[in-house]
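K.L.:
Residue numbers (the numbering used here): 58 to 272.
1) When the distance is taken between beta carbons, is residue 97 closer than 8 Å to residue 145?
2) Helix, strand or coil for residue 84, going by three-state DSSP, please let me know.
3) So residue 202 and residue 118 are in contact, right, with Cβ under 8 Å, and what is the actual spacing, rounded?
4) Whole-angstrom Cβ separation of residue 91 and residue 175, contact assumed at under 8 Å?
5) Checking 8 Å against the spacing of the C-beta atoms, do residue 213 and residue 100 come in under that value?
6) Which of helix, strand or coil does DSSP assign to residue 151?
7) Rounded to the nearest angstrom, how far is the Cβ of residue 73 from that of residue 133, given a contact under 8 Å?
8) Using a Cβ-Cβ cutoff of less than 8 Å, which residues in the same chain neighbour residue 106 once the five nearest sequence positions on both sides are dropped?
9) Drop a sphere of 10 angstroms on the beta-carbon of residue 221, count the other beta-carbons inside from all chains shown, and report buried for 16 or more, exposed for fewer.
10) Pick from 186, 200, 211 and 84: whose alpha carbon is nearest that of residue 95?
11) Does the Cβ-Cβ distance between residue 172 and residue 161 come in under 8 Å?
12) Near residue 190, what residues of its chain come up, given a Cβ to Cβ distance below 6 Å and the 5 sequence neighbours on each side ignored?
13) Going by alpha carbons, who is nearest to residue 155 out of 131, 75, 192 and 102?
14) Closest to residue 127 by CA distance: which of 210, 78 and 193 is it?
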């Protein structure tokens, strides 16, 4: 698996980063940093919701409804240039809830990009991530909360996502995601899992590779 920089240099990755850079005024390097940090942060919050049971059924319903079928990945420019990110804000409210501000601040601190810009980028990324996950739930036959936990666990590096529900145990938190050792998954854990503290390959790299057209 190539590094994150290689993934972002794929055609779809370049398109995503370029559009975000143009729409927010940050340079492409900053846009790349925000994208590669935001994906695990959002996935980590989804995994936390599944583990805690808060909003898990709603997330599963959204992913299996057919709305998030992955077609957004084929029309990134159309979506990003359309300027309507209201659906992305709704997704963030459902996924992050009261943790949204801490996620924005954490990403700002990690990337050096102003929090007001992060707040604009996350609603752009949320529907794209949901589109990818929706496509995966269909392809892998995900139909229950344990199934969804297994899928997210696999994407986050917690094992084979086909082992439905197997990643819901404590070993995932302690060995893969609980980077700061506090016994729970949070935004900082998810981001540090991508930033180099987590040496396992696959997982997040596989998700980013899928998003950016790389294997």
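No residue lacks a Cβ here, since even glycine has one placed at the ideal position from N, Cα and C.
P.N.:
On the basis of the supplied data:
1) Going by beta carbons, residue 145 and residue 97 fall outside the 8 Å limit.
2) Three-state result, residue 84: coil.
3) Actually they do not touch by this definition, with Cβ atoms about 10 Å apart.
4) Rounded, the Cβ-Cβ distance is 7 Å, consistent with contact.
5) Yes, Cβ-Cβ distance for residue 213 and residue 100 is below 8 Å.
6) Three-state DSSP puts residue 151 in a helix.
7) About 6 Å separates the two Cβ atoms, so the contact holds.
8) So the list reads 112, 113, 116 and 152, once near-sequence residues are dropped.
9) Residue placement at residue 221 is poorly supported in this model, since its pLDDT is 39, which falls under 50; the coordinates still yield a value, given next. With 16 or more Cβ atoms within 10 Å of its Cβ, residue 221 is classed as buried.
10) Restricting attention to 186, 200, 211 and 84, the CA atom closest to the CA of residue 95 is found in 186.
11) Result yes, Cβ atoms of residue 172 and residue 161 sit closer than 8 Å.
12) Apart from sequence neighbours up to five positions away, the residues of its chain that approach residue 190 with a beta-carbon distance below 6 Å are 120, ordered along the chain.
13) Of the listed residues, the one whose Cα sits closest to residue 155 is 102.
14) Nearest option by C-alpha distance: 193.
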